[in-house]
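Residue numbers (our numbering), protein chains in the order written: chain V, 375 to 635; chain A, 21 to 288. All residues carry an ideal CB built from backbone N, CA and C; glycine is no exception.
Have a look at this one:
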């Protein structure tokens, strides 16, 4: 099956380079188009582009956005896991929660913003964290519910027949067996959470954060700065996803979905 | 009497149809006996083992287990207290290994207790099972063959040293040499344990039954009833060797078991 490891890595590297080139072309086209809209010269455009990387405000906004994202995301993962486990393992909880969960999760996240604005104090981080948590909780909850429900009966019987108590079986068998599904849900939630962090900063009163910055740059025709903010956002999203995959393969490498690669 | 099964009944409902598995089954097993349970597929051997293990509840009747030398310690089928003394090796050994546990980790997990004793027990089982030679010690189940998984499942059950050891066709997918080796290993573990675990093993293999058992019980019919109950007196202390499998007693027992199983066919 293997045809020399170096050949494979060389081909992998070429594929990565091709992907990076494709991405660069997309950005160049966008930048070119934006350049035509503004009346600055190319030189000034490029200078502004690179200068804005050194802008402290950009990085402060990034930190703020990440902080809001993390707060909302952690809430979603914790609450989603607890509710999901309850739904997956306790029949009563499943019966009671199925209707509210299915009704609430179908509300588009963007539609939650006006509700939140009407119900919560509009200023401050609370509303943004709520919107992030609301959007990213569902994939976690559903995956954990499904995953914990589907734990092979035989594995649970194995724990019991080795004399493990109910709690030991729960922590030693049910939880680890649910972990692959939970991580899949958490990774989907990660993307949604990041998206909503930016959306919330655009749609609720803000004076900082990447979402706010991008909108502000657009409105004030600071296109090079806007492009940089978007690039930073994309890079952050990609690195978070990459980091998450690393954690995933470390934690659930035994799972067949991860045995390849 | 340590293990007493009284008037045990269990049925399954398949849609509107009710299928009786056992009805008013009675059986007593002596302390430290090695019982081999035989009978046709579907006669209810697995169901009986699961009830003995405390994993399934009977519909009626009772199971009682009294610990050797401690009359006050009684387990019954209720509240699933049988799980405190019994360990079952599943026929579906494939699905019973935790996918994230290596062979070594599985044995450690099953052993109650910590420290040096655990290390000794784990190391002992690993060397008896030759996990190191086969590179299995730190391997995950996904990368093991069927027979290798089966060895891990058996080692794990032995690691717990249960008072009541239940095995459901534990050697099914092993090749002949491993099969004989593991039969011997199981017998040695049982024979030298103090006190000996009361053991119930299900098999379809007559040779294996006669090789291991001190007593062979044949179930038959629907609902299942005791069709034969053979006491293999000469087997009690006979060393398990290849010669033993050629001995006169062995051949005689084999003939008796064959006849018991054969008569079952004539009835059906």
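Between which two residues does the beta strand (DSSP E) harbouring residue i extend?
i, result
"residue 58/A", "54-58"
"residue 96/A", "94-96"
"residue 30/A", "23-34"
"residue 83/A", "80-86"
"residue 626/V", "Careful: residue 626/V lies outside any beta strand (DSSP E) and carries neither H nor E."
"residue 572/V", "From DSSP, residue 572/V is part of no beta strand (DSSP E) but of the alpha helix (DSSP H) over 549-577."
"residue 1/A", "Nothing can be reported for residue 1/A: it is not among the residues displayed for chain A, which extend from 21 to 288."
Which residue comes first and which comes last in the alpha helix (DSSP H) that contains residue i?
i, result
"residue 119/A", "From DSSP, residue 119/A is part of no alpha helix (DSSP H); its letter is neither H nor E."
"residue 455/V", "430-463"
"residue 586/V", "584-593"
"residue 425/V", "416-425"
"residue 145/A", "135-148"
"residue 65/A", "65-72"
"residue 201/A", "196-212"
"residue 260/A", "That residue, residue 260/A, is in no alpha helix (DSSP H); it is neither H nor E in DSSP."
"residue 542/V", "540-543"
"residue 528/V", "527-535"
"residue 229/A", "226-232"
Pull the bridge partners of residue i from the DSSP assignment, please.
i, result
"residue 245/A", "240/A"
"residue 40/A", "31/A"
"residue 106/A", "184/A"
"residue 251/A", "235/A"
"residue 49/A", "23/A"
Using 8 Å as the threshold, is the segment 154-163 of chain A in touch with the segment 190-205 of chain A, meaning 3 or more CB pairs across them?
The segment 190-205 of chain A and the segment 154-163 of chain A do not touch, with fewer than three beta-carbon pairs separated by less than 8 Å.
Chain A contacts from the segment 530-549 of chain V (Cβ-Cβ distance under 8 Å):
Look at the segment 530-549 of chain V: the residues with a C-beta under 8 Å from a C-beta of chain A are 531, 532, 534, 535, 536, 537, 546 and 547.
Given a limit of 7 Å on CB to CB distance, which residues of the segment 68-82 of chain A reach chain V?
Answer in chain order: 73 and 75.
Report yes or no: do three or more beta-carbon pairs, one from the segment 497-504 of chain V and one from the segment 560-580 of chain V, lie closer than 8 Å?
Judged by Cβ distances under 8 Å, the segment 497-504 of chain V makes contact with the segment 560-580 of chain V, as three or more pairs qualify.
Name the residues in the segment 407-425 of chain V whose C-beta lies less than 7 Å from a C-beta of chain A; which are they?
Taking 7 Å as the Cβ-Cβ cut-off against chain A, none of the residues of the segment 407-425 of chain V qualify.
Okay, do the segment 58-78 of chain A and the segment 95-113 of chain A touch, 3+ Cβ pairs below 8 Å being the bar?
Inter-segment contact for the segment 58-78 of chain A and the segment 95-113 of chain A is present: three or more beta-carbon pairs are separated by less than 8 Å.
Check each residue of the segment 608-630 of chain V: if its Cβ is closer than 8 Å to any Cβ of chain A, include it; give the result in chain order.
Correct list: 626, 628, 629 and 630.
Please specify which runs of the alpha helix (DSSP H), each continuous and at least 4 residues long, are wholly inside the segment 458-521 of chain V, giving them in chain order.
You should have 465-479 and 483-493.
When Cβ atoms are compared, which residues of the segment 513-527 of chain V fall closer than 7 Å to chain A?
Those would be 526, in chain order.
How do the segment 533-550 of chain V and the segment 469-488 of chain V stand: do at least 3 beta-carbon pairs fall below 8 Å, yes or no?
No contact exists between the segment 533-550 of chain V and the segment 469-488 of chain V.
Three or more C-beta pairs under 8 Å: does that hold for the segment 209-223 of chain A against the segment 39-48 of chain A?
Not touching, per the Cβ criterion.
Is there contact between the segment 418-432 of chain V and the segment 540-557 of chain V, where contact requires at least three CB pairs shorter than 8 Å?
Not touching, per the Cβ criterion.
With a cut-off of 8 Å, do at least 3 Cβ pairs link the segment 587-598 of chain V to the segment 130-137 of chain A?
No, because fewer than three Cβ pairs between the segment 587-598 of chain V and the segment 130-137 of chain A fall closer than 8 Å, the two stretches do not touch.
Under 8 Å: do the segment 266-274 of chain A and the segment 220-239 of chain A share three or more Cβ pairs, one atom per stretch?
Put simply, the segment 266-274 of chain A touches the segment 220-239 of chain A. At least three CB pairs are less than 8 Å apart.
If contact is defined by three or more beta carbon pairs under 8 Å, each pair taking one atom from either stretch, is the segment 512-526 of chain V in contact with the segment 451-464 of chain V?
Between the segment 451-464 of chain V and the segment 512-526 of chain V there are three or more inter-stretch CB-CB distances shorter than 8 Å, so the stretches are counted as touching.
Can you confirm whether the segment 78-98 of chain A touches the segment 507-521 of chain V when touching is taken to mean that 3 or more C-beta pairs between the two stretches lie within less than 8 Å?
Short answer: they don't touch.
If the cut-off is 7 Å on Cβ atoms, which residues from the segment 138-167 of chain A count as contacting chain V, listed in chain order?
Answer in chain order: 160 and 162.
Does the structure place the segment 422-441 of chain V close enough to the segment 582-591 of chain V that three or more beta carbon pairs sit under 8 Å?
Three or more pairs of CB atoms, one per stretch, sit closer than 8 Å, so the segment 582-591 of chain V contacts the segment 422-441 of chain V.
Any contact of the segment 556-564 of chain V with the segment 607-618 of chain V, i.e. 3+ C-beta pairs under 8 Å?
The segment 556-564 of chain V and the segment 607-618 of chain V touch, with no fewer than 3 CB-CB distances between them shorter than 8 Å.
Please list, in chain order, the residues of the segment 169-186 of chain A that have any C-beta partner in chain V closer than 9 Å.
The residues in question are 173, 176, 177, 179, 180, 182 and 186.
Specify whether the segment 47-67 of chain A and the segment 600-617 of chain V touch according to this definition: at least 3 beta carbon pairs, one from each stretch, less than 8 Å apart.
Contact between the segment 47-67 of chain A and the segment 600-617 of chain V is absent, because fewer than three Cβ pairs lie under 8 Å.
Short of 9 Å Cβ to Cβ, which residues in the segment 87-111 of chain A face chain V?
Listed in sequence order: 100, 103, 104, 105, 106, 107, 108, 109 and 110.
Kindly confirm or deny that the segment 247-257 of chain A and the segment 134-151 of chain A touch, where touching means at least three C-beta pairs closer than 8 Å.
Of all C-beta pairs linking the segment 247-257 of chain A to the segment 134-151 of chain A, fewer than three are shorter than 8 Å, placing the two stretches out of contact.
Using a Cβ-Cβ cutoff of 7 Å, what residues of the segment 111-122 of chain A are near chain V? List them in chain order.
Taking 7 Å as the Cβ-Cβ cut-off, the segment 111-122 of chain A approaches chain V at 112, 115, 116, 118, 119 and 120, given in chain order.
Within the chosen definition, does the segment 81-101 of chain A reach the segment 261-268 of chain A through at least 3 CB pairs nearer than 8 Å?
The segment 81-101 of chain A is not in contact with the segment 261-268 of chain A.
In the segment 208-230 of chain A, which residues sit with their C-beta less than 7 Å from some C-beta in chain V, listed in chain order?
From the segment 208-230 of chain A, no residue has a Cβ closer than 7 Å to chain V.
Is the number of C-beta pairs between the segment 483-501 of chain V and the segment 81-88 of chain A that are closer than 8 Å three or more?
Flag = no, the segment 483-501 of chain V and the segment 81-88 of chain A do not touch.
Give, in chain order, every residue of the segment 124-135 of chain A whose Cβ lies closer than 8 Å to some Cβ of chain V.
When CB distances to chain V are screened at a threshold of 8 Å, the residues of the segment 124-135 of chain A falling below it are 129, 130 and 132, in chain order.
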